[in-house]
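Novice: Can you read through this structure? Questions will come right after.
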Amino acid sequence: MEKGASEPDPSHQRNGVVGVLYGEFTDALNDRVRYSVSLTESALTIQMISSSPGRTKVVFNLTDCVGCRAYRGPDSADVGAYFTAYFYPFKRRWMSAGVARQRVEQCFRVALVQDPLANLQEAERWARAIRDASARQAPRRDGVVYMEVRRPCRVMILVNPLSGRGQALQLFTGHIQGMLTEAAVPYTLVITEHQNHARELVKKADLSQCDALVIMSGDGLLFEVINGLMEREDWQEAIQTPLGILPGGSGNALAASVHHYSQSPPAWNEELLLSCGFMLCKGLVGSLDLVSIHLASQQRLFSFLSLAWGFVADVDIESEKYRHVGAIRFLMGTLVRLASLRVYQGRLAYLPINEAPKLPKGSIKANHPPSTPQHPSLCASLPCRLIPNTSPNQNSRHNHTSTNSNHNTITNSSNNAITTKRPETQSDGKTRAPVDSLLPGLDQPVPESWTVVKEEDFVLVLAIYQSHLAEDLWTVPGAMADDGTIHLFYVTAGISRPALLRLFLAMEKGAHLACGCPHLVYEKVKALRLEPISPQGMITVDGEMVEYGPVQAQIHPGLARLIYG
21 MEKGASEPDP
31 SHQRNGVVGV
41 LYGEFTDALN
51 DRVRYSVSLT
61 ESALTIQMIS
71 SSPGRTKVVF
81 NLTDCVGCRA
91 YRGPDSADVG
101 AYFTAYFYPF
111 KRRWMSAGVA
121 RQRVEQCFRV
131 ALVQDPLANL
141 QEAERWARAI
151 RDASARQAPR
161 RDGVVYMEVR
171 RPCRVMILVN
181 PLSGRGQALQ
191 LFTGHIQGML
201 TEAAVPYTLV
211 ITEHQNHARE
221 LVKKADLSQC
231 DALVIMSGDG
241 LLFEVINGLM
251 EREDWQEAIQ
261 TPLGILPGGS
271 GNALAASVHH
281 YSQSPPAWNE
291 ELLLSCGFML
301 CKGLVGSLDL
311 VSIHLASQQR
321 LFSFLSLAWG
331 FVADVDIESE
341 KYRHVGAIRF
351 LMGTLVRLAS
361 LRVYQGRLAY
371 LPINEAPKLP
381 KGSIKANHPP
391 STPQHPSLCA
401 SLPCRLIPNT
411 SPNQNSRHNH
421 TSTNSNHNTI
431 TNSSNNAITT
441 KRPETQSDGK
451 TRAPVDSLLP
461 GLDQPVPESW
471 TVVKEEDFVL
481 VLAIYQSHLA
491 EDLWTVPGAM
501 ADDGTIHLFY
511 VTAGISRPAL
521 LRLFLAMEKG
531 AHLACGCPHL
541 VYEKVKALRL
551 EPISPQGMIT
561 VDGEMVEYGP
571 VQAQIHPGLA
581 RLIYG
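For my numbering, add 20 to where a residue sits in the sequence shown, where the first one is 1.
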């Protein structure tokens, strides 16, 4: 007969820790094996009861627990009840070095009395206590402000069955569906049927019926969802809907970034999927920066990942023909594009992160003589992510940038009054999507506080706002989802094919920032403008090709909400 759980564990009391629950139960598959089980605020401790002095003890951290359920057994003659706790702790990999989250379940049989209902009630009491304690032990990082998805949460999961190698739906049913059941997360599964299906769906959906939107695909489907939310009349409320990402595509950049932000060891493929599923079940929500992008056609897009022109954009789009091989498509595309390396002509300008915000309407910007800020290239002795933007009164050691230029369009405006645009309103009085107060019109010169790059010959320009550009490309080691920064990289003409290949190989470990390449420049900016001159080339936003022509962008810190640990 199992022992009840009315008293705290005496061993925990001796160690100065008061137990929450204590009981003695049998193994679910073998009645002869008995365990003492104690639950504290942070751990579930299981010890086999035997006559040997060195009894086996296992401690499970509740941070790794996604749920616990109580139930009756399949045999109606069995008076016992059961409770099973589900954990995803870090354990050593079977076939390679390192650790990754792996599923572990612990199941116990409760038979305190001969009354099946009383036993079930006791099992439910344990299951409820474990769930409540594990919810309080979500893996929070110091210095990060979190919210939580409402419990019980209702999730809409959008799956693109054609993403990546066409296995997203199988990955969902094989890895995520069971995890959501274990965590008692109800969900509605939506299979997208065509391009922009998700965009149209969320634009019209009744979001009051869902507590989170989760995307099981590559990054392109989330791009659709975010822009659909921002096109709603109630965009200010809609964009606050927590967004979750489950990797099911080829690049999976945001999923890799979310995993990185959780400070977990590196993971790929199914291990990355399991990690993102775990964070979804834990339900911690943080802020996500979005970038507003304006195209020459006056179309406006919202981006969560990147804006690319040149080599990176060409590889992304041209490698679509290799989609059937999965993530290796990008390596194949890189090698093909390296074999015929291009130089792209264009103009680039940006607003450094250390510049003061624009003054309110009617304020006058003080007249100052033009100056040339220092914008050093990357050097091995000073990693780029630690290089601060220097003050404008310092002399430049390099000729990459200038605040005065003779370019036709990207030039600095004179010292006139700089005003902040007022938010546009619709006919019903509601405010349109957030105003871009840092951006002039594309037909206007950039303000004098902007930096204009002197070079016009580029191999690539990449503006990224997450840590990863793909599962295996750790582009900005110091980036965070809500750091309020556009991380701008550009590579100028003259770099050799081997040097460019070394950059991307070093990026797998985030080492490119200290490679010492004189052609690679990295800046932290709040806004930027790009004007391609070369007729050939492509521009991508979050990996999706957009119209080719002038484009400018501004970051909006913390505009959206993202589920991550």
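The C-beta atom is built at its ideal place from N, Cα and C for all residues, glycine as well.
1. Determine the closest residue to S292 out of V169, L308 and A275, with distance taken between C-alpha atoms.
2. Tell me which residues share the same chain as R161 and place their Cβ nearer than 8 Å to its Cβ, disregarding the 5 neighbours each side in the sequence.
3. Does I177 pass the burial test, meaning 16 or more other C-beta atoms within 10 Å, or should it be called exposed?
4. Only counting the same chain, and skipping five residues up and downstream in sequence, which positions put a Cβ closer than 6 Å to that of Y91?
5. Looking at L327: is its Cβ nearer than 8 Å to the Cβ of A483?
6. Contact between the stretch 309-326 and the stretch 563-577: three or more CB pairs below 8 Å?
7. Would DSSP call G194 helix, strand or coil?
8. Straight-line CA distance for L586 to I430?
9. Suppose you measure from the CA of L579 to the CA of H507; what does that come to, to the nearest Å?
10. Rounded to whole angstroms, what is the Cα-Cα separation between L41 and D95?
11. Looking at the structure shown, is V332 part of a helix, part of a strand, or coil, going by DSSP?
12. Roughly how far, in whole angstroms, is the beta-carbon of L241 from the beta-carbon of N289, given that I think they are within contact range, below 8 Å?
13. If you draw a straight line from the C-alpha of G93 to the C-alpha of F243, how long is it?
14. Less than 6 Å between C-beta atoms, sequence neighbours within five positions excluded: which residues of the same chain meet that for V53?
15. Buried or exposed: where does K224 fall if 16 or more other Cβ atoms within 10 Å of its Cβ makes it buried?
16. Rounding to the nearest angstrom, what Cα-Cα distance links D500 and P267 in this structure?
17. If we count the other Cβ atoms within 10 Å of its Cβ and call it buried at 16 or more, is A117 buried or exposed?
18. Should V566 go down as buried or exposed, given a rule of 16 or more other Cβ atoms within 10 Å for buried?
19. Nearest-angstrom Cα distance between F324 and D562?
20. In whole angstroms, give me the CA-to-CA distance for I66 and F107.
21. Could you check whether the Cβ of A573 sits closer than 8 Å to any Cβ belonging to chain B?
22. Below 7 Å CB to CB, which residues in the same chain sit around A258 once its five sequence neighbours on both sides are set aside?
23. Can you name, in chain order, every residue of its own chain whose Cβ lies under 7 Å from the Cβ of V133, other than the five neighbours on each side?
24. Mind pulling the beta strand (DSSP E) runs of 3 or more residues that sit fully within the stretch 497-541?
25. Are the Cβ atoms of L373 and T193 separated by less than 8 Å?
26. If you compare alpha carbons, which of D239, H539, D492 and Y55 is closest to A513?
27. Measuring only the C-alpha atoms, how far is A131 from Y55?
28. For my contact list, E168 and G303 are in at a C-beta cut-off of 8 Å; report their separation, rounded to the angstrom.
29. Based on the DSSP secondary-structure assignment, which residues constitute the bridge partners of R320?
30. Rounded to whole angstroms, how far is the Cβ of Y49 from the Cβ of L64, which I believe are closer than 8 Å?
31. For P267, which beta-bridge partners are listed by DSSP?
32. Short of 6 Å in beta carbon distance, which residues of its chain neighbour P262, apart from the five on each side in sequence? Order them along the chain.
33. In the DSSP output, which residue or residues are listed as bridge partners for G366?
34. With a CB to CB cut of under 7 Å and the five nearest residues on each side skipped, what residues in its chain are close to G297?
Specialist: According to the structure shown:
1. It is Leu, not Ser, that sits at residue 292 in the sequence shown. Closest option to L292, Cα to Cα, is A275.
2. Y281, S282, Q283 and G585
3. buried
4. Counting only Cβ-Cβ distances below 6 Å, and skipping sequence neighbours, we find Y102.
5. Result yes, Cβ atoms of L327 and A483 sit closer than 8 Å.
6. yes
7. helix
8. With the chain represented from 21 up to 585, any question about residue 586 goes unanswered, as that position is not in the structure.
9. 17 Å
10. 28 Å
11. V332: helix per DSSP, three-state reduction.
12. Actually they are not in contact, since the Cβ atoms of L241 and N289 sit about 19 Å apart, beyond 8 Å.
13. C-alpha separation (whole angstroms): 45 Å.
14. Cβ-Cβ distances below 6 Å link V53 to D47 in the same chain, with the five nearest sequence neighbours on each side left out; the list follows chain order.
15. exposed
16. According to the sequence shown, residue 500 is Met rather than Asp. Taking the straight line from one Cα to the other gives about 19 Å.
17. Exposed, since its Cβ has fewer than 16 Cβ neighbours within 10 Å.
18. buried
19. 7 Å
20. 13 Å
21. The structure shown contains no chain B; it is built from a single protein chain.
22. L227, L249 and R252
23. N139
24. 506-512
25. The residue asked about is misnamed: residue 373 is Ile in this sequence, not Leu. Going by C-beta atoms, I373 is not nearer than 8 Å to T193.
26. H539
27. 13 Å
28. 5 Å
29. H314
30. In the sequence as displayed, the identity of residue 49 is Leu instead of Tyr. In fact, because the Cβ distance is near 19 Å, the residues do not count as touching under 8 Å.
31. According to DSSP, which records beta bridges pairwise, P267 is partnered with S237.
32. V169, A232, V305, R581 and I583
33. P552
34. H195, I196, M199 and L266
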